[in-house]
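In the working numbering, the protein residues as written are 118 to 925.
Ideal placement from N, C-alpha and C gives every residue a C-beta, glycine not left out.
Below you'll find the structure, written out as structure tokens, and then a few comments.
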């Protein structure tokens, strides 16, 4: 162990419960570079680290400890990030946050104006993160009271300030331009232009100079640096020429001034920023639309049955809420009185209103149609379906597509490289430009700095991702991250579960065939199925109804993929598929087999009920194919995508459902682990596989697939594992998601192409590469206009995704 040196970090560790654990961690930390010394404190469940760079050693140590099977506690939060002006700002903000000890991971989204930060609680917190960002001119919204409304208010204030600066700049730049073009020979023209340009440069352009100074203090640079450098050089050079014209006259040269260039460049940049902000605001259309679905107040019914208006924040679980026709539903709950039809299209994308009766579930953000009703609140605040959708969409919009990592690296070095190019352009003109080399060199440097635009590069991917994920949410498809959105376009095989995915997931018992008049065992069958959580069990209980004879179940065991085993005293009961009976050596006579064959041939699921070693009943359970399933399968197959159905059902029933849905490939009798293995086999054949399912038993297959798709009516576990969730459980959303992925990736590629081409062509032109050939030199004012339009064009191209039509 080396001698303690540098700074000290106290890193909490979970799972370090013995000296052996501490020894494993100690050996692991010995391999982490930068740690000069470390001590493992078992009683305090922490390690003490010493090193010169506390931020880096904390990050590396946490990664090592987590890889060893222990855990460094961390919190991941997404914060609104204010005052970013370009893509390089995202790189600067990331850099400063990564220097904060305790920060483990940072992802800054310029287009979404937010930062997703993972940090170790206790080592750092939101206040320290805010302070770090404020030191370089940015800010983090962290207060508990900083709601969406407050953030929107802050954006409005900032937009008004930007608009005011822009209008002032335009008002002063117009006479400047007129004088520069037509009245340069008028008396005191230079001084008049100086007077007009000064407020434009230092009042309207103040944020650029302030931002550039803060960047310089941290040895960094962004778009503010480019604008401040270019306009500052043009302005100061013009001031010198105005006050000291004799310097140039004595050399036989004219003392040119460029006040109009400095002012008009700032005007164009401000105008471009204003247009860009307006366009970027439209990229979050889906979030704004979703956030606007929840009312601010509700009518809560008191103990006396009287409704009172109550703030949404004060609503609690189990409150009774009254809803009138046309009103928005505020929280999730269960209808207790009345009936109505509810428009759920904003959440599910389904255009047909859903009928609601006592016992029906209602969701926040949906709109009541004609009837009045009361419901009991089940979920409030951040637990409602609407709140979870908003949180997931916001999280997904803040995620980065794989290509963004490369773009971020380029954006991080873009500004320094441009500054170097501008200096090379100046030096080239100064050395080889002849008598006018100094003036022309300065103008070439200014033009290079003005035309270079890191913003277009930084906006190319995130704006398309934001619009694409927003469009998906509007359609009823929740996508967890940008990578899943990008992967969906490459899907070549779609694997579907049967029950609840292809079918409606509302099983219904068609008939129960009792062998040898064994109907007296109905109470046992009902009691056993009441213990089960399987959807088929609920259908059986519903069909059999209330029984007169109570049954005491002494033992119950659910057998995954097969059924259930139960005991009443010494008697063993089996309820499940044919495999379960075979496992327990149960005899099935000819009558039972014939009934099972008849039921399966009609597309029904066959369930056997056995007492000890004999079958006493055969049940036929049907589940209708969803109307959209056939069309969805057709769309997928027409697009060249193979469709497979995997089910635990019998062969004949599976074949009947596959035929109804138009599916060519299916496998019956599949257990959960076999579904995952089947998907793995497809992947080994080079296929990109999507798996759609709704049950807990589908979670392994969903996790194995490249794109797991949970159907909205399914289990929370399936939704947690999946990369996409289809709220309305409509299979037609799958081809829609794939098509949207194609459109989004196409928009990203177009954006990146134009952003790169713009800079690759614009910067050399600004430097004057064409001058030796045809005498062409780009005017700084034109460069400013081009720079402003480049960002707007990228955002506008992304916004086109909003209007793309999807398969229907």
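**Study point:** residue 437 - containing beta strand (DSSP E), residue span
**Key:** Looking at the DSSP string, the run of the beta strand (DSSP E) that includes residue 437 is 437 to 440.
Point to revise | Three-state class that DSSP yields for residue 218 in the structure shown | key: Three-state result, residue 218: coil.
**Study point:** Reference residue 340, options 755, 373, 203, 150, closest by Cα
**Key:** When each option's Cα is compared against that of residue 340, the closest is 203.
**Study point:** residue 849 versus residue 130: straight-line alpha-carbon distance, rounded
**Key:** Straight-line Cα distance between these residues: approximately 46 Å.
Check your understanding: Using the C-alpha atoms, what's the distance from residue 249 back to residue 153?
Key -> Straight-line Cα distance between these residues: approximately 26 Å.
Review point. Does the Cβ-Cβ distance between residue 583 and residue 521 come in under 8 Å?
Key: Going by C-beta atoms, residue 583 is not nearer than 8 Å to residue 521.
Check your understanding: To which residues does DSSP link residue 631 through a beta bridge?
Key -> Note: residue 631 is bridge-paired with 734 in the DSSP secondary-structure output.
Review point. Just checking my contact of residue 694 with residue 738 at CB under 8 Å: how many whole Å lie between their CB atoms?
Key: No, residue 694 and residue 738 are not in contact; Cβ-Cβ is about 11 Å, not under 8 Å.
**Study point:** First and last residue of the uninterrupted beta strand (DSSP E) at residue 612
**Key:** Judged by DSSP secondary structure, residue 612 falls within the beta strand (DSSP E) whose first and last residues are 610 to 614.
**Study point:** Chain-order list of residues whose beta-carbon lies under 7 Å from that of residue 290 (same chain, five-residue window excluded)
**Key:** For residue 290, where only same-chain residues beyond five positions count, the Cβ hits under 7 Å are 317, 380, 381, 384.
Check your understanding: When we look at the beta-carbon of residue 472 and count the other beta-carbons within 10 Å, is it buried (16 or more) or exposed?
Key -> A residue is called buried when at least 16 other Cβ atoms come within 10 angstroms of its Cβ; residue 472 does not meet this threshold and is exposed.
Practice item. Over the uninterrupted beta strand (DSSP E) stretch that includes residue 495, give me the two end residues. Key: For residue 495, the enclosing beta strand (DSSP E) begins and ends at 490 to 496.
Practice item. Measure the CB-CB distance between residue 897 and residue 345 and report whether it falls below 8 Å. Key: No; because the gap between Cβ atoms is not below 8 Å, this pair is not in contact.
Practice item. Check the C-beta distance from residue 904 over to residue 567 and give it rounded, since I have them as a contact under 8 Å. Key: That belief holds up - the Cβ atoms of residue 904 and residue 567 are roughly 6 Å apart, short of 8 Å.
**Study point:** For residue 690, the residue or residues it bridges with in DSSP
**Key:** Beta-bridge pairing links residue 690 to 683, 728.
Exercise for review: Say whether the stretch 156 to 172 touches the stretch 484 to 497, bearing in mind that this needs 3 or more beta-carbon pairs closer than 8 Å, one atom from each stretch.
Suggested key: No contact exists between the stretch 156 to 172 and the stretch 484 to 497.
**Study point:** Simplified DSSP state of residue 933, which is helix, strand or coil
**Key:** Nothing can be reported for residue 933: it is not among the residues displayed for the chain, which extend from 118 to 925.
Check your understanding: Any idea what DSSP makes of residue 507, helix, strand or coil?
Key -> DSSP places residue 507 in helix when its eight states are reduced to three.
Exercise for review: Pick helix, strand or coil for residue 909, following the three-state DSSP scheme.
Suggested key: Note: residue 909 maps to helix in three-state DSSP.
Review point. How many Å lie between residue 914 and residue 389 at the Cα?
Key: Approximately 15 Å, taken between the alpha carbons.
Exercise for review: Give the DSSP-derived three-state secondary structure of residue 287 in the structure shown.
Suggested key: Helix, per DSSP.
Review point. Touch check for the stretch 711 to 719 and the stretch 671 to 688: three-plus C-beta pairs under 8 Å?
Key: The stretch 711 to 719, when compared against the stretch 671 to 688, does not touch it at the 8 Å Cβ threshold.
Check your understanding: Rounded to whole angstroms, how far is the Cβ of residue 452 from the Cβ of residue 475, which I believe are closer than 8 Å?
Key -> About 6 Å separates the two Cβ atoms, so the contact holds.
**Study point:** Cβ shell of residue 360 (< 8 Å), same chain only, five flanking positions each side left out
**Key:** Contacts found: none.
**Study point:** Cβ-Cβ distance between residue 816 and residue 605 below 8 Å
**Key:** Result no, Cβ atoms of residue 816 and residue 605 do not sit closer than 8 Å.
Review point. When you compare only the Cα positions, how much space is there between residue 679 and residue 789?
Key: C-alpha separation (whole angstroms): 11 Å.
Check your understanding: For residue 167, which option in 183, 563, 150, 564 has the closest C-alpha, if you only look at C-alpha atoms?
Key -> Closest option to residue 167, Cα to Cα, is 150.
Exercise for review: Please work out which residues of its chain come closer than 8 Å, Cβ to Cβ, to residue 733, disregarding the five sequence neighbours upstream and downstream, and give them in chain order.
Suggested key: Result list for residue 733: 631, 632, 633, 635, 638, 726, 727, in chain order.
**Study point:** C-alpha distance - residue 183 paired with residue 277, whole-angstrom precision
**Key:** For residue 183 and residue 277, the distance between alpha carbons rounds to 47 Å.
Review point. Which term fits residue 597, buried or exposed, when burial requires 16 or more other beta carbons within 10 angstroms of its beta carbon?
Key: By the neighbour-count criterion, in which 16 or more other beta carbons inside 10 Å mark a residue as buried, residue 597 falls on the buried side.
Review point. What runs of the beta strand (DSSP E), each 3 residues or longer, lie entirely inside the stretch 403 to 453?
Key: Listed in chain order, they are 414 to 418, 424 to 428, 437 to 440.
Check your understanding: Residues bridged to residue 917 by DSSP?
Key -> Partner(s): none; residue 917 has no beta bridge.
Review point. Which value, in whole angstroms, describes the spacing of the CA atoms of residue 784 and residue 761?
Key: In this model, residue 784 and residue 761 are separated by some 8 Å (Cα to Cα).
Point to revise | Buried versus exposed call for residue 155 [16 or more other C-beta atoms within 10 Å across all chains shown] | key: The residue in question, residue 155, is buried, as its Cβ has 16 or more Cβ neighbours within 10 Å.
Exercise for review: Using a threshold of 8 Å, state whether the C-beta atoms of residue 223 and residue 211 are closer than that.
Suggested key: Yes, the Cβ-Cβ distance between residue 223 and residue 211 is below 8 Å.
Check your understanding: Can you check whether the CB of residue 535 is closer than 8 Å to the CB of residue 565?
Key -> Yes; because the gap between Cβ atoms is below 8 Å, this pair is in contact.
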